[in-house]
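Chains as they are written, first to last, in our numbering: chain A, 5 to 106; chain B, 8 to 640.
For reference, the structure discussed in these notes is given below.
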């Protein structure tokens, strides 16, 4: 059986990729995708821990399902915002959407 | 009605107060008849109460009745009434004078603005005073005490368009308030020691020695401070002469039967405690003597009719305290009663003069009024003689009693001081009478327009003159018996351990008293006869320093003004500096500026760019993780 550590390392790598994407990307859609990566990394963690530490129960799987649901809702909302942004400002660059300040 | 319902005496005028205050404006004639009816009812009821009291076993009561007011834990607060000879005497004095003042006011206040309001407050004034004298516990006493103070404030400041009237009202209220704080402290101290507000409970506890000497002395002195403020004793006397700003009938009511005698009443009521507390009676006596003497001197140099009467009131209140200082409540109450009648007479008489001369109260412009105003002149003459202490008028008997008791208790030195005050009383009273009613008029114009007041005003004068002549006789055993009392006034009111004693004339003191009155009267006659002021002016010019000292009232007002200017204003200046520069500039404005400044700097952190925020979050998570690892080790 594959040891637990492998899953955790994989999850960490995916999470770090997500963080990098959120910080480095300027396109709003790509930022959203990076966030999805981070959420998936977390879900992977849940599943891995559930399978190794608490076999026979599905607590971790339920959490993963929740995360997917919330992520779907969040993406739906965020994409709508991005579309509005693009309609109004003709851009999806997060650096240019900077009027929400003092 | 039984005497248990004596609270009606106060409830009826209080009810009429509300009726008049709310509907008075709409009633014909401002509802003055309601006021007269209310006080008249109380006047009649007071006789029923007296009858009930005399119907008790030893004719002395007390008749008590009380209700449970509230209960806190084990402490039960009861409010009730206590009817005994002192209360009944006060009932008689208050309702009689108040009735006369009410009737007189119908004539005097005619056509004044806020006519209905005057009568309304008059009712509340009388109601609170009646409540005060029948209260069986100090808490109720204090409530009525403050109500009396409020009413006097409203009435002294009745002409509030006049700045001097509002100033006088404030002065009266604040000066008496200083004493009232003392009273409140005293009441709390007594309650703390005995666990009750009940007057007689406290007296019994004090007499049984349950309270330490020093503690008792201090607490009763605080109570006495309240009495001094209300009864205008030196050094709190400054408000009373200024209180003359009120309408003259109010002056009569305040200075004869209500406000100022509250202090005398409370001292008389608590006299057993004063006796138990070592030295308290001496303090009372000394305060009384000082007041009688100082105000006597001041009254010599006043030219305003009402001011002279005001200072004579303060002086006579001093006499009452001297009387109480001998430990005999009867003598103080007796002088209170006789004084109430002749002083109400004098004030209403001066009101009649002021009304007739179209608001002139300066002696320097009056004179020769007797022929123009025969009834006012004659009744004023009777009142003056009573005040001067000429036998057989009321003032003579009560003063004589004071001298005899004073000699027994404190010895000759006190008698001599009081005799000097009494002589001066006779002097300035005579001066007042001569300069107002005798000789030739000083101002032809005013004199020509003067006319006798109507019967609604002279009627009360005549009734009070009758009392000023006869009230003193109740001191005799046979007259008291004839009235249905157990005997003379000293057999009716007495402190328990002194016991009743029958009055006998002490011919030596009576003669001395007559001599003093005569000296005063003739000296004044010699100086002012025919309304000539040459001799007195010469005397004043020869001693300008002394004359000014009397004229300026021993500089009390100046002294207080200076204390207020230097002390209070100086302290206020420091406080205001602290408030302005430390609290406001540093505290309030300072913190606002810090907030504003830091906000001005920190706002640049809000860039509006999502990547910056994301970076901040990421760095924050990393930072917290590292910090957590470091702390955990």
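Backbone N, C-alpha and C define an ideal beta-carbon position, used for all residues, glycine too.
Small disclaimer: the values here were computed from a predicted structure and weren't measured.
Backbone CA spacing between residue i and residue j [nearest angstrom]
i: residue 367(B); j: residue 409(B); result: 36 angstroms
i: residue 528(B); j: residue 210(B); result: 43 angstroms
i: residue 521(B); j: residue 431(B); result: 13 angstroms
i: residue 665(B); j: residue 257(B); result: No information on residue 665(B) is available, as it lies outside the stretch 8 to 640 that chain B covers here.
i: residue 229(B); j: residue 505(B); result: 25 angstroms
i: residue 149(B); j: residue 132(B); result: 14 angstroms
i: residue 636(B); j: residue 9(A); result: 21 angstroms
i: residue 441(B); j: residue 535(B); result: 7 angstroms
i: residue 29(A); j: residue 597(B); result: 44 angstroms
i: residue 371(B); j: residue 336(B); result: 40 angstroms
i: residue 400(B); j: residue 406(B); result: 11 angstroms
i: residue 570(B); j: residue 231(B); result: 23 angstroms
i: residue 4(B); j: residue 549(B); result: This structure does not reach residue 4(B), given that chain B is present from 8 up to 640, and the question cannot be answered.
i: residue 12(A); j: residue 601(B); result: 48 angstroms
i: residue 40(A); j: residue 617(B); result: 17 angstroms
i: residue 614(B); j: residue 588(B); result: 38 angstroms
i: residue 204(B); j: residue 379(B); result: 55 angstroms
i: residue 475(B); j: residue 346(B); result: 8 angstroms
i: residue 424(B); j: residue 394(B); result: 18 angstroms
i: residue 331(B); j: residue 296(B); result: 12 angstroms
i: residue 97(A); j: residue 43(A); result: 22 angstroms
i: residue 48(A); j: residue 68(A); result: 8 angstroms
i: residue 139(B); j: residue 158(B); result: 13 angstroms
i: residue 47(B); j: residue 21(B); result: 13 angstroms
i: residue 144(B); j: residue 182(B); result: 24 angstroms
i: residue 392(B); j: residue 60(B); result: 33 angstroms
i: residue 420(B); j: residue 413(B); result: 10 angstroms
i: residue 134(B); j: residue 83(B); result: 26 angstroms
i: residue 376(B); j: residue 388(B); result: 12 angstroms
i: residue 43(B); j: residue 329(B); result: 35 angstroms
i: residue 280(B); j: residue 532(B); result: 45 angstroms
Listed by chain order, chain B residues near residue i by CB distance under 9 angstroms
i: residue 37(A); result: Here the premise fails: no neighbours, minimum Cβ distance about 14 angstroms.
Cβ-based neighbour list, residue i, same chain, cut-off 6 angstroms, excluding 5 preceding and 5 following
i: residue 167(B); result: 173
i: residue 66(B); result: 493
i: residue 235(B); result: 186 and 243
i: residue 201(B); result: 209 and 212
C-beta neighbour in chain A for residue i, strict 7 angstroms
i: residue 625(B); result: yes
i: residue 632(B); result: no
Cut-off 7 angstroms between Cβ atoms - residues of its own chain near residue i, not counting five sequence neighbours on either side
i: residue 690(B); result: Nothing can be reported for residue 690(B), as the shown portion of chain B is limited to 8 through 640.
i: residue 340(B); result: 93, 96, 275 and 500
i: residue 468(B); result: 352, 355, 356, 359, 382, 383 and 386
i: residue 621(B); result: none
i: residue 38(A); result: 22, 25, 26 and 29
Residue i classed as buried or exposed, judged by whether at least 16 other C-beta atoms fall within 10 angstroms
i: residue 221(B); result: exposed
i: residue 266(B); result: buried
i: residue 240(B); result: buried
i: residue 89(B); result: buried
i: residue 92(A); result: exposed
i: residue 417(B); result: buried
i: residue 591(B); result: exposed
i: residue 485(B); result: exposed
i: residue 16(B); result: buried
i: residue 577(B); result: exposed
i: residue 445(B); result: buried
i: residue 215(B); result: exposed
Contact set between residue i and chain B, taken where Cβ atoms lie within less than 8 angstroms
i: residue 27(A); result: 618, 621, 622 and 625
i: residue 98(A); result: 616, 617 and 618
7 angstroms Cβ cutoff, residue i in contact with chain B
i: residue 94(A); result: no
i: residue 82(A); result: no
i: residue 5(A); result: no
7 angstroms Cβ cut-off: residues of chain B touching residue i
i: residue 23(A); result: 625
Same chain only: Cβ atoms within 8 angstroms of residue i, ignoring 5 sequence neighbours per side
i: residue 523(B); result: 396, 426, 429, 430 and 433
Neighbour flag for residue i against chain E, beta carbons, 7 angstroms
i: residue 122(B); result: Here the protein chains are A and B, and chain E is not one of them.
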